[in-house]
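This report refers to the structure that appears directly beneath it.
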Amino acid sequence: MQLRYSFRLYPRDGQRRALARAFGCARVVYNDALRARETARSEGMPFPKAGDLSKRLITEAKDTPERAWLGDVSAVILQQSLRDLDTAYKNFFDGLKGKRPRVGAPRYKSRKDTRQSVRFTANARWSITSGQKLRLPKIGDVRVKWSRALPSVPSTVTVVKDSAGRYFASFVVETGPEESLPEVSPELGIDLGLGHFAVLSDGTKVGSPRFLRRAEKRLKKAQRALSRKKKGSKNRDKARVRVARAHARVADARRGFHHQLSTKLVRENQAVAVEDLAVKGLARTRLAKSVHDAGWSAFVSMLEYKAARYGRTFIRIGRFEPTSQVCSQCGVQDGPKPLHVRVWTCGACGAVLDRDINAAVNVAKAAGLAVSACGAQVRPGIVPAPRGEAGTHPTPQPSTAR
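If you count the sequence shown from 1, you need to add 8 to reach the working numbering.
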């Protein structure tokens with residue numbers, strides 16, 4: 009499978025200008041190709057092919073005074089910009105055909121977009137130097153903060169500048185079955201929530217960090233400072249970067265928490281089951297901010313690809329499975345319960361059930377995993393005995409009193 013590794017870049021001032029030039033050239037070629045295709049569509053003509061666009065918008069354009077500066081950057085990033093447009097059109101048409109979720113039509117890029125990127129393939133002859141720097145054509149040797157070793161030789165590298173003004177190098181590498189972990193016996197069901205981020209079928213409860221909620225005071229202060237700045241001024245641009253960096257810290261902390269927890273669960277369990285949550289629907293309720301702060305979709309995606317990478321089993325059960333309504337001990341379903349009911353007693357077997365742990369156990373059972381509620385807060389309750397078993401009832405004897 010293909011994996012993406014991202015590392016922080018620290019370009020010098022001259023390299024920043026060279027990267028800005030590369031971002032701009034790739035954006036211009038992308039917009040020119042989009043304009044050519046939209047013009048052909050409006051005139052009822054067939055879409056121009058990628059080869060024709062490459063010849064007209066890159067090779068021949070370099071010989072014109074208006075686009076001569078395209079020769080200042082690597083031709084590979086310009087070709088990759090055209091491929092990005094092809095991918096955008098393919099995703100758009102596949103969405104119309106129902107082959108994938110719908111996405112919008114390709115749009116023009118702006119120099120004011122806060123995220124910029126260019127991609128270098130092997131044809132660009134980029135390399136990692138002996139001094140552990142990233143050598144990029146017509147940009148130079150850029151310092152990289154290596155946090156870990158790459159598992160194999162990368163095929164492509166994408167240089168990204170995010171909204172906070174940070175630069176990253178994103179490598180695509182191929183991994184094989186040699187990364188599979190040895191088999192283990194535990195199998196796990198996970199119930200995701202807001203009170204606790206995750207409740208496991210073995211009774212473990214993982215608290216919700218609430219990164220956005222904890223940073224709200226700092227974010228509000230930075231946003232108020234931005235709103236006071238004059239539009240178009242240098243101070244407003246600086247304030248915008250401060251707001252973006254504050255949000256980036258929140259997103260980085262959330263992503264790190266998701267990575268640590270998902271790796272731990274995948275390494276310690278042979279099979280993992282989760283419920284397919286309707287995140288888009290929940291994001292339209294009054295709980296929207298808390299739902300987005302939890303980041304369930306990103307966490308489940310990490311679980312899925314890490315399970316495939318390490319040879320584990322990942323199961324996603326349907327969202328309409330009544331996991332909170334069924335007793336995990338006897339299997340009797342006694343209907344929905346209000347959210348404020350966190351502990352309930354089964355009317356059939358008398359078991360006292362923790363709502364979240366019971367749901368996690370039912371998630372595992374619905375996925376066909378052999379799990380138990382070992383360690384969970386499940387205990388038998390007091391059940392009134394039938395009248396015929398409540399003590400002895402001797403046959404009335406005739407009174408001997410005289």
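All C-beta atoms in this analysis are idealised placements derived from N, C-alpha and C, irrespective of residue type, glycine included. Computed from a predicted model, the values in this text were never measured in an experiment.
In the structure shown, W77 falls within a helical segment according to DSSP collapsed to helix, strand and coil. Counting only the Cα atoms, R263 lies some 29 Å from L93.
The Cβ neighbour count for E68, taken over all protein chains shown within 10 Å, is under 16; the residue is labelled exposed.
For L196, the enclosing beta strand (DSSP E) starts and ends at E195 to L200. Here the C-alpha atom of L220 lies approximately 20 Å from the C-alpha atom of M310. When the beta-carbon positions are compared, A302 and V274 stay at least 8 Å from each other.
Residue pairing by DSSP places Q124 opposite K169 in a beta bridge. Pairing A356 with T321, the inter-Cα distance amounts to about 33 Å. For V181, the pairing in a beta bridge is given by DSSP as L11. The Cβ atoms of V181 and L158 sit closer than 8 Å to each other.
By the beta-carbon neighbour count (other beta carbons within 10 angstroms, threshold 16), W134 is buried. Taking a contact as a CB-CB distance under 8 Å, the pair C33 and L86 counts as one, their CB atoms being some 6 Å apart. I66 is the residue among V192, T72 and I66 whose C-alpha sits nearest the C-alpha of V81. With a threshold of 16 other beta carbon atoms within 10 Å, V280 meets it and is buried. Relative to the Cα of D210, the nearest Cα in the group R218, G112, R244 and D199 belongs to D199. The alpha carbon of G112 has as its nearest neighbour, out of L377, Y97 and R119, the alpha carbon of Y97. By the neighbour-count criterion, in which a residue is buried when 16 or more other Cβ atoms sit within 10 angstroms of its Cβ, S270 is buried. Residue pairing by DSSP places Q341 opposite V334 in a beta bridge. Residue range A279 to E283 is occupied by the beta strand (DSSP E) that includes E283.
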